[in-house]
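Participant:
In full-length UniProt numbering, the protein residues as written are 1 to 165.
1. For residue 65, which three-state DSSP category applies?
2. If you draw a straight line from the alpha carbon of residue 123 to that of residue 132, how long is it in whole angstroms?
3. State the DSSP-derived secondary structure class of residue 119, mapped to helix, strand or coil.
4. Ignore the nearest five residues each way along the sequence and tell me which others in residue 103's own chain have a CB closer than 6 Å to its CB.
5. Beta-carbon separation of residue 130 and residue 161 under 9 Å?
6. Are there 16 or more other CB atoms within 10 angstroms of the CB of residue 18, so buried, or fewer, so exposed?
7. Name the DSSP bridge partner or partners of residue 126?
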């Protein structure tokens, strides 16, 4: 069984993330969405909320593709998370050259830690290349329309979160 790990904070999950998940699911039998617990980033949504969003958004996709898709929270090194879930590959999405420079360094470090785990890069579709969770949150916070960047369920979650503030 080929297992892939697609890590991120997914705060919130966007259409760009969903594009990578959809295409990554064609490469593996089981796709683990590694939901990073990163207290330094100060996430808008709790870990539980982010996991629930991923499970909701990926449920139909898992049925369509026949690929098992699961959310897995982690707070350790990415390479250790990959080992923990039995992943042979780490899947990373790229939007721009700036992403590549950072990811290039990460691959080098991960390869130094474990040469048996490969990293695969998937370029975001052109229509999704500008989408970043950080920008989506900022637009939503300022009462802008983010419906082009997230699913309706996530859009409602963002509206509800910022209505409370």
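Where is the CB? At the ideal position from N, CA and C, for every residue including glycine.
Facilitator: In this structure, then:
1. helix
2. 14 Å
3. strand
4. 92
5. no
6. A buried status is given to residue 18, since no fewer than 16 other beta-carbon atoms sit within 10 Å of its beta-carbon.
7. None, per the DSSP bridge assignment.
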